[in-house]
Amino acid sequence: MAEKDEIFKRTHSCGELDIRELNREVTLMGWVHSRRDHGGLIFIDLRDRDGITQIVLNPEIDKISHEMAQSIRNEFVLAIKGKVSARPKDMINPKLKTGEIEVYADNLRILNESRSLPFPLDEHSGISENLRLKYRYLDLRRPFLQGNLILRHKVVKRVRDLLDKKGFIEIETPFLTKSTPEGARDYLVPSRVNPGKFYAMPQSPQLFKQILMVSGFDRYFQIVKCFRDEDLRADRQPEFTQIDMEMSFIEREDIFLLIEEMMAEIFREIKGINIDTPFPILGYKEAIERFGIDKPDIRYGLELKDITDIAKETEFQVFSKTVEEGGKIKGINVKLGSRFSRKELDDLTGMVIGYGAKGLAWIKITEEGYKSPITKFFSKEMLDSIAEALKGEKGDLLLFVADSPEVVTSSLCQLRIHLGERLELPDKDKYGFVWITDFPLLEYDEAEKRYIAMHHPFTAPVDEDLRLFDEDPARIRAKAYDLVLNGQEIGGGSIRIHLRDIQQKMFNALGIDEKEAILRFGFLLEALEYGAPPHGGIALGLDRLIMILAGAASIRDVIAFPKTQKAACLMTDAPSEVDEKQLKELKLKVERD
RNA sequence: GGGGUCGUAGUUCAAUCGGUUAGAGCACCGGCCUGUCACGUCGGAAGUUGCGGGUUCGAGUCCCGUCGGCCCCGCCA
2 MAEKDEIFKR THSCGELDIR ELNREVTLMG WVHSRRDHGG LIFIDLRDRD
52 GITQIVLNPE IDKISHEMAQ SIRNEFVLAI KGKVSARPKD MINPKLKTGE
102 IEVYADNLRI LNESRSLPFP LDEHSGISEN LRLKYRYLDL RRPFLQGNLI
152 LRHKVVKRVR DLLDKKGFIE IETPFLTKST PEGARDYLVP SRVNPGKFYA
202 MPQSPQLFKQ ILMVSGFDRY FQIVKCFRDE DLRADRQPEF TQIDMEMSFI
252 EREDIFLLIE EMMAEIFREI KGINIDTPFP ILGYKEAIER FGIDKPDIRY
302 GLELKDITDI AKETEFQVFS KTVEEGGKIK GINVKLGSRF SRKELDDLTG
352 MVIGYGAKGL AWIKITEEGY KSPITKFFSK EMLDSIAEAL KGEKGDLLLF
402 VADSPEVVTS SLCQLRIHLG ERLELPDKDK YGFVWITDFP LLEYDEAEKR
452 YIAMHHPFTA PVDEDLRLFD EDPARIRAKA YDLVLNGQEI GGGSIRIHLR
502 DIQQKMFNAL GIDEKEAILR FGFLLEALEY GAPPHGGIAL GLDRLIMILA
552 GAASIRDVIA FPKTQKAACL MTDAPSEVDE KQLKELKLKV ERD
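Just so we're aligned: the first sequence equals residues 2 to 594 in my numbering.
Structure below.
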């Protein structure tokens with residue numbers, strides 16, 4: 002029996018006791034994960050972020066504690082003193098790290114009580130996400146989310162240590178900065194001392210890190226929040242974190258080496274997995290041709306094959322007419338797909354129609370030969386060469402879309418992703434890293450009737466393409482690269498323009514005249530005139546990387562306080578209206594309809 | 001801006017073709033229980049079927065609108 006005012010000082014976490022601490026007097030503090038009252042004997046699973054320890058309350062050990070324990074409910078916060086005891090052999094719980102021992106409480110203090118929870122915290126009940134987000138502090142008690150955030154901490158620590166070792170300096174850049182109309186929509190912050198003027202939250206620290214290169218910091222990094230006011234997705238939040246890097250006097254390959262080393266270390270030290278380096282490199286054009294997308298999941302095949310030349314001579318009007326009109330025919334081979342039912346094929350057809358295709362042609366290769374509603378339009382030789390082009394064998398299903406190149410590419414790409422998921426083609430234990438390079442520098446924006454930068458306006462063109470600025474800007478390749486992992490873009494960067502006149506050429510190509518360029522980016526242009534070194538960099542999407550490492554289906558599961566699809570925080574109820582007084586100070590008026 | 005999907009007890013779900021008093025598990029409350037660990041057992045309480053309107057003798061169910069969660073297209077240099 003302890004004295005009432007005895008001092009409780011935590012000696013161990015709830016996850017670290019084992020048989021070696023036998024008979025030790027310990028003090029644990031934590032939350033009641035569950036209570037099992039047997040009348041004479043009460044068991045409490047005490048939980049903290051480190052684990053769960055079973056506490057036994059036996060009236061023969063301490064009558065007062067046992068009585069107190071009868072009023073204890075889930076998520077009460079307790080301090081418990083007691084002796085570490087070995088569990089009887091057949092009572093060992095192999096599911097717990099601490100399952101060989103239990104603590105017989107001889108003194109108990111209730112540090113705080115808890116109302117009964119709005120939803121259970123156990124792992125086996127799925128709870129609607131709006132509730133979880135409203136009570137985020139409770140959701141964050143669950144081991145899955147705690148584990149994800151701890152994983153995130155470990156990755157960030159590794160990255161900091163590695164970059165420090167490599168001579169990188171971590172430098173903070175402003176969150177209140179200048180709005181630049183290129184790129185994503187900005188989050189704006191009104192300036193009270195400059196009424197009518199606004200700061201923008203950075204979409205990335207791009208210009209600042211380039212300026213730091215001009216200042217001679219040589220190697221910069223920052224683990225930094227970025228803000229983009231665009232619509233959300235399962236892997237997109239309005240504020241997200243980048244591992245942002247920039248280096249002087251380097252080539253693209255220096256960046257590849259650094260990032261490959263970083264990824265290899267993270268996967269080795271945190272997941273215990275050895276990944277192959279160097280990562281394969283895929284040109285943008287080839288990626289689009291083979292996979293229909295610039296962020297392919299290369300862990301499985303189902304590659305797109307062009308059969309335009311083989312199939313254009315057919316009687317089948319859908320094909321021949323498409324080719325006449327400048328379209329293309331591409332197909333994919335679904336290995337062992339000939340067992341697909343008519344209904345399944347109809348569903349796939351519906352899917353590609355959803356992406357703009359007019360239909361989906363299919364050919365099954367069976368024991369009895371080709372089976373398809375369209376075989377009658379093709380000669381045996383033609384069918385053989387189509388099958389050969391797609392490496393079709395008995396049992397396979399060949400799927401084709403004939404349309405404009407854009408529709409063929411996007412619909413077959415979506416079909417490939419869909420079938421990949423449905424047939425569980427990617428090996429879940431594999432990590433498919435790939436560099437995508439040689440992006441076009443510019444793309445034509447139909448809505449704005451001008452070229453826009455595919456990466457950003459500071460990306461350097463490939464040297465031998467410089468002459469194309471005057472001839473054919475669309476064909477200029479950029480010294481830009483993306484890092485793709487399992488079909489997700491997890492990073493991107495480029496070698497930057499460090500020469501003022503090339504930067505001006507770039508602005509010209511974007512339809513930004515000298516005057517406007519100075520207005521928007523004058524500070525950078527000027528900086529380039531004061532001895533800017535050749536430089537380049539990359540930014541990795543930390544949240545997406547953690548998602549993949551954690552096996553999380555949503556970016557919200559790796560962010561402590563994420564926002565919903567409507568960019569709201571259900572816990573704090575942000576965004577919200579503000580006082581008229583605040584608006585007045587900012588000289589702002591809200592228009593209501 | 002558009003498409004899809006979901007919303008019923010604290011929670012997870014059920015409720016036939018539109019038809020009696022909207023049910024069940026878990027949680028909650030009370031009793032019993034000294035080896036449980038998703039404890040067991042007996043009993044109890046618990047509902048604005050997201051919200052508003054409409055159709056109907058009758059709506060959780062059908063229709064219209066609206067709010068919210070999720071997934072996707074557009075958008076995201």
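No residue lacks a Cβ here, since even glycine has one placed at the ideal position from N, Cα and C. Every value quoted in this text rests on a predicted model; they were computed, and no experiment measured them.
Backbone CA spacing between residue i and residue j [nearest angstrom]
i           : j           : result
residue 137 : residue 101 : 33 Å
residue 84  : residue 256 : 55 Å
residue 207 : residue 197 : 26 Å
residue 1   : residue 559 : Residue coverage of the chain in this structure runs from 2 to 594, which leaves residue 1 outside it and unanswerable.
residue 485 : residue 300 : 12 Å
residue 132 : residue 240 : 21 Å
residue 438 : residue 18  : 51 Å
residue 325 : residue 382 : 22 Å
residue 493 : residue 288 : 16 Å
residue 209 : residue 554 : 33 Å
residue 121 : residue 362 : 49 Å
residue 584 : residue 192 : 11 Å
residue 217 : residue 251 : 14 Å
residue 337 : residue 162 : 48 Å
residue 49  : residue 265 : 31 Å
residue 535 : residue 519 : 21 Å
residue 13  : residue 28  : 7 Å
residue 368 : residue 305 : 25 Å
residue 415 : residue 158 : 37 Å
residue 114 : residue 52  : 20 Å
residue 205 : residue 513 : 21 Å
Residue span of the alpha helix (DSSP H) that contains residue i, given as start and end
i           : result
residue 189 : No alpha helix (DSSP H) holds residue 189; the beta strand (DSSP E) holding it covers 189-191.
residue 62  : Element bounds for residue 62: n/a, residue is neither H nor E.
residue 371 : Careful: residue 371 lies outside any alpha helix (DSSP H), inside the beta strand (DSSP E) at 370-372.
residue 390 : 381-390
residue 410 : 406-423
residue 538 : Here residue 538 belongs to no alpha helix (DSSP H); instead the beta strand (DSSP E) covers 536-542.
residue 46  : Premise fails: residue 46 lies in the beta strand (DSSP E), 43-49, not in any alpha helix (DSSP H).
residue 138 : 137-140
residue 351 : 343-355
residue 154 : 144-166
residue 214 : 207-215
residue 583 : 581-586
Residue range of the unbroken beta strand (DSSP E) whose run includes residue i
i           : result
residue 106 : 102-113
residue 478 : No beta strand (DSSP E) holds residue 478; DSSP gives it neither H nor E.
residue 73  : Run containing residue 73: none; DSSP gives neither H nor E here.
residue 223 : 220-228
residue 84  : 78-87
residue 438 : 434-438
Under the three-state DSSP convention, the category residue i falls into
i           : result
residue 181 : coil
residue 1   : With the chain represented from 2 up to 594, any question about residue 1 goes unanswered, as that position is not in the structure.
residue 402 : strand
residue 194 : coil
residue 57  : strand
residue 31  : strand
residue 199 : strand
residue 52  : strand
residue 4   : Residue placement at residue 4 is flagged as unreliable, the pLDDT there being 49, under the threshold of 50; a coordinate-derived value is accordingly withheld.
residue 133 : helix
residue 375 : coil
C-beta contact flag for residue i and residue j at 7 Å
i           : j           : result
residue 540 : residue 498 : no
residue 73  : residue 104 : no
residue 1   : residue 397 : Here the chain covers residues 2 to 594 and nothing more, so residue 1 does not appear.
residue 303 : residue 330 : no
residue 261 : residue 278 : yes
residue 308 : residue 387 : yes
residue 496 : residue 506 : no
residue 247 : residue 214 : yes
residue 435 : residue 283 : yes
residue 242 : residue 203 : no
Exercise. Would you mind listing the beta strand (DSSP E) stretches within the segment 239-291 that are 3+ residues and don't spill past its ends, in chain order?
Key: If we require 3 residues or more, the beta strand (DSSP E) runs fully inside the segment 239-291 come out as 240-249, 282-284.
Quiz item: In the segment 285-339, which residue ranges form an unbroken beta strand (DSSP E) of at least 3 residues, counting only runs that do not cross its ends?
Solution: The segment 285-339 contains, as complete beta strand (DSSP E) runs of 3+ residues, the segments 329-335 (chain order).
Self-check item: Any beta strand (DSSP E) of 3 or more consecutive residues that is wholly inside the segment 441-527
Solution: Runs found: 443-446, 451-454, 481-486, 489-496.
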